[in-house]
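One structure is given below, encoded as structure tokens.
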Amino acid sequence: TARAARGRPAPPAPRPRPRLWLAAVAAVVATGVTYTAWPDEEVGGGKPGQRPTGPVQATVRAVWFKGPNGPQASGGTSPTTVRIAPNAKDGARVGVVEEFAGGAGAQWRTAAWVAAFRGSQIAGCSLVDHEFLVEAGGQIDGPSAGLLLTSTMVALLRGTAPRADTTMTGTINPDGSAGPVGGIVQKMQGAAKAGLKRFGFPTGARSHTDLRTGKTVDLLDAAKEFGLEARELHDVFDAYEFLTGERLARPVPIAEVELDLDPETTVRLRQKLTKWTARLRPELEALDAAVQNLGPAALEVQELVEQAQAAFQRGVTFERSDFLAAAYDGYVQAAVLVAVADSRIRAATAGGDVAALVRAVDASSRVQARVGQATTEIELQSKRSTGGGQINALRALQALVTAECYATVGAAAAEAAKEQAERHALSPLPPDELAGLRARLTGTLVFFTVARTLLDVATDQREFGNEEGRSLPIAAETIARSAAAYGSAAGAVLGYLESLAGTVDDDDYLVACRAKARAEAMADDKGQALLRLAAGSTAFLKGAALVNRCYSLGGEVDPAGRLTLTNKKALAMQLDLARQLAREAASTAKARVGFVPVAARLAWQLGIARREGDDAQKLKALEAFWECAFWCDLAAAAPAPATK
71 TARAARGRPA PPAPRPRPRL WLAAVAAVVA TGVTYTAWPD EEVGGGKPGQ RPTGPVQATV
131 RAVWFKGPNG PQASGGTSPT TVRIAPNAKD GARVGVVEEF AGGAGAQWRT AAWVAAFRGS
191 QIAGCSLVDH EFLVEAGGQI DGPSAGLLLT STMVALLRGT APRADTTMTG TINPDGSAGP
251 VGGIVQKMQG AAKAGLKRFG FPTGARSHTD LRTGKTVDLL DAAKEFGLEA RELHDVFDAY
311 EFLTGERLAR PVPIAEVELD LDPETTVRLR QKLTKWTARL RPELEALDAA VQNLGPAALE
371 VQELVEQAQA AFQRGVTFER SDFLAAAYDG YVQAAVLVAV ADSRIRAATA GGDVAALVRA
431 VDASSRVQAR VGQATTEIEL QSKRSTGGGQ INALRALQAL VTAECYATVG AAAAEAAKEQ
491 AERHALSPLP PDELAGLRAR LTGTLVFFTV ARTLLDVATD QREFGNEEGR SLPIAAETIA
551 RSAAAYGSAA GAVLGYLESL AGTVDDDDYL VACRAKARAE AMADDKGQAL LRLAAGSTAF
611 LKGAALVNRC YSLGGEVDPA GRLTLTNKKA LAMQLDLARQ LAREAASTAK ARVGFVPVAA
671 RLAWQLGIAR REGDDAQKLK ALEAFWECAF WCDLAAAAPA PATK
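Next up, the structure:
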């Protein structure tokens, strides 16, 4: 959509990668790791399974590799200390202490944030419950610290000491699964030199490139050569057990049939599908006819119309196969593309009439007020009597946050474009500037029309927002703490992404950035905690998905917008694991509150339907499974229903 608004499909050139970089992963010091007191403080933990009541710390050693590729590639270690203490202040507190100014890069700092966020969730608390401090030694950077930093933080929070001979590498995904990383052979070599004996790496990375030779090696064989015991790790549960020798209890995955849509939801969803198909069929026919009379601009708009028709047909196919959630998603994609194509047709038919374009923008800008009004109404409606009702309201708010992002971008662009249009009315602009003005007005129109379509989606989801289950509402304080945690984690993930690739020419990046800003703007307003949670969770989930696509899976988008992945095997394994973790989260929700929320079941069906598609569809399936786990985790935070 963002590319279509500018009329330029090609993404920006990738940021040059540095020749020398250090990818970090924590490893325990060979002399042993124990709970130690901070200066002038008493030790607050140390008993396995017991959350510390005071400050605790563990000194660990980070493993890195450096390039350039070839004979000079090598690995080594750096000392790292992780400290955790109770947090008596509002908001999250995560810090990184450096030995040298700029010694810890942006990716390392973000890894500490994400580890604190996910480690807190796994330990059964919130990011805002504790202060986290990671002290990095030497010059170090890279995102691969996530898996071991998370496991170390869980150990500290649970009062369990890590093994002194163990290390691992891998990023952390939103559902706790391990993401692939690079330079593992060199990291193994560095760990062996430091006297470590055991090394874990993410599932899917076993066939790995040795940066020194350029050859693909089996990591289990490479580990033997270095005298290391190696293990593939699926997720943080595996990592924690490998690091501590203690197994975290995990639920038995729920049967997939229990994630099916219930009859009432199915009826409602079919009604929505009927509404969307009745709307889209004539709109697509009208667009097709309009393109025939468009002249020089027809080729560009025709591509958009064909994409809309393809999305619509996917929806039809899914509906015939009873994948109703996927059908709905396909129709919404088609509607967004129709909105973009219609905006470009209106701009083209206006010709050089800038005043006509300004009038069209003014008319479309009314959507911003409508989005604000709908948000206020759903916030009032969100004062529910059940946790399930709050979740349904939150899902509608997430859709409104997305609509608001597009409307906000459109409003900012409209203000600048209209000022330029006023100057043009007084003194005509040169031809090149006039062409730029028309393009900006067209782009503004696109953003507003997409916002209007997404407002319709939010209205649909609002109508799904009935009470659900018998659990009591989630406590306001719990929602506020979750909102603070997701808002802070979203900022860390987006900083992480930007350190990897700079700005990303992608709608999800645009939405994530705007949603993060929205969450941060509400930091001091406890009365809007649910809306802040909607904004923060939207930004976090979209940002984490982009990091996984751009870094872990090596995703690249060609000038035509087609996505290819360089690490397809890892994606296949991520899908299998995310599917299992979603079922585990659903099992926890059902055990605690007696139901699996409709939001989770809709996301589950979307993931099941899209998992057999192309790379882009598989990524959507992965994100849907992550979203399923998110809704189940939130449901599990509601108080259990009262027993008779």
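Add 70 to the 1-based position in the sequence shown for the numbering used here, that's all there is to it. Glycine is no exception: its CB is placed at the ideal position from the N, C-alpha and C atoms.
Cβ-heavy atom distance, residue i to the ligand ATP, below 7 Å
i: E547; result: Judged by which ligands are present, the structure shown has none, so any question about the ligand ATP falls away.
Beta bridge counterpart(s) of residue i as assigned by DSSP
i: R302; result: The sequence as given places Glu at residue 302; Arg does not occur at that position. E302 pairs with F271.
i: D288; result: S277
i: F135; result: G145
i: G194; result: Beta-bridge pairing links G194 to no other residue.
i: H200; result: P156
i: Q127; result: R153
i: S558; result: For S558, which the question treats as bridged, DSSP gives no partner whatsoever.
i: I242; result: A248
i: R163; result: E201
i: E168; result: A206
Neighbourhood of residue i by C-beta distance below 8 Å, restricted to the same chain and skipping five residues each side
i: P711; result: G539, R540, S541, L542, V663, G664
i: A356; result: none
i: K285; result: T279
i: L354; result: V375, A378, Q379, F382, A404, V408
i: Q598; result: E449, M592
Proximity of residue i and residue j at Cβ, strictly below 8 Å
i: K488; j: V428; result: yes
i: T220; j: R188; result: yes
i: A409; j: R522; result: yes
i: A491; j: V424; result: yes
i: V204; j: T150; result: yes
i: G265; j: G146; result: no
i: L525; j: R440; result: yes
i: V668; j: V527; result: no
i: T456; j: V581; result: no
i: A215; j: A185; result: yes
i: P206; j: W178; result: For the sequence presented, residue 206 should be read as Ala rather than Pro. Yes, the Cβ-Cβ distance between A206 and W178 is below 8 Å.
i: T519; j: D412; result: yes
i: Q687; j: A395; result: no
i: A593; j: G161; result: yes
i: L647; j: N637; result: no
i: L570; j: C620; result: yes
i: R282; j: G140; result: yes
i: A128; j: V167; result: no
i: A463; j: S452; result: yes
i: V627; j: L635; result: no
i: A132; j: S144; result: no
CB-CB length for residue i against residue j, believed under 8 Å
i: R671; j: L331; result: 6 Å
i: T608; j: A707; result: In fact, because the Cβ distance is near 18 Å, the residues do not count as touching under 8 Å.
i: A744; j: A275; result: The structure shown does not extend to residue 744, since the chain is modelled only from 71 through 714, so no value can be given for it.
i: E299; j: R268; result: 5 Å
i: A694; j: A673; result: 5 Å
i: G459; j: E537; result: 4 Å
i: A679; j: F393; result: 4 Å
i: L692; j: L651; result: L692 to L651, Cβ: 11 Å. No contact.
i: K263; j: F135; result: At roughly 12 Å, the Cβ-Cβ gap does not stay under 8 Å, so K263 and F135 are not in contact.
i: K596; j: A560; result: So it is not a contact: roughly 19 Å between Cβ atoms.
Close-in-space but distant-in-sequence residues of the same chain around residue i (CB under 6 Å, 5 per side omitted)
i: R163; result: N157, E201
i: T273; result: E302, H304, M643
i: D280; result: V255, V287
i: S552; result: L603
i: V224; result: G189, I192, A193, Y310
i: A367; result: A418
i: A659; result: V666, C702, A705, A706
i: G677; result: A691, A694, F695
i: T653; result: Per the sequence shown, the amino acid found at residue 653 is Arg instead of Thr. Excluding positions up to five away in sequence, the list reads P323, I324.
Beta-carbon proximity list for residue i, same chain, < 7 Å, skipping 5 on both sides
i: R532; result: I448, A466
i: A325; result: none
i: A329; result: First, the amino acid is wrong: residue 329 is Leu here, not Ala. Closer than 7 Å at the Cβ level, and outside the excluded window around L329, lie A656, V666, R671, W674.
i: P109; result: Unreliable placement is indicated for P109, whose pLDDT of 35 sits below 50; the coordinate value is still reported in the next sentence. Counting only Cβ-Cβ distances below 7 Å, and skipping sequence neighbours, we find nothing.
i: N363; result: none
i: Q438; result: A477, A481
i: A562; result: T180, W183, V184
- Count the CB pairs spanning the stretch 239-247 and the stretch 604-617 that are closer than 8 Å, and state whether there are at least three. yes
Taking one C-beta from the stretch 386-397 and one from the stretch 487-501 each time, how about it: are there three or more such pairs within less than 8 Å? no
message = Counting beta carbon pairs with one atom in the stretch 473-482 and one in the stretch 511-519, are three or more of them shorter than 8 Å?
response = yes
Q.
Tell me whether the stretch 312-326 and the stretch 362-376 touch, counting them as touching only if at least three CB pairs, one residue from each stretch, are closer than 8 Å.
A. no
Meets three-Cβ-pair contact criterion under 8 Å: the stretch 548-564 and the stretch 591-602: yes
Practice problem: Take every Cβ of the stretch 443-458, pair it with every Cβ of the stretch 500-514, and state whether three or more of those distances are shorter than 8 Å. | Solution: no
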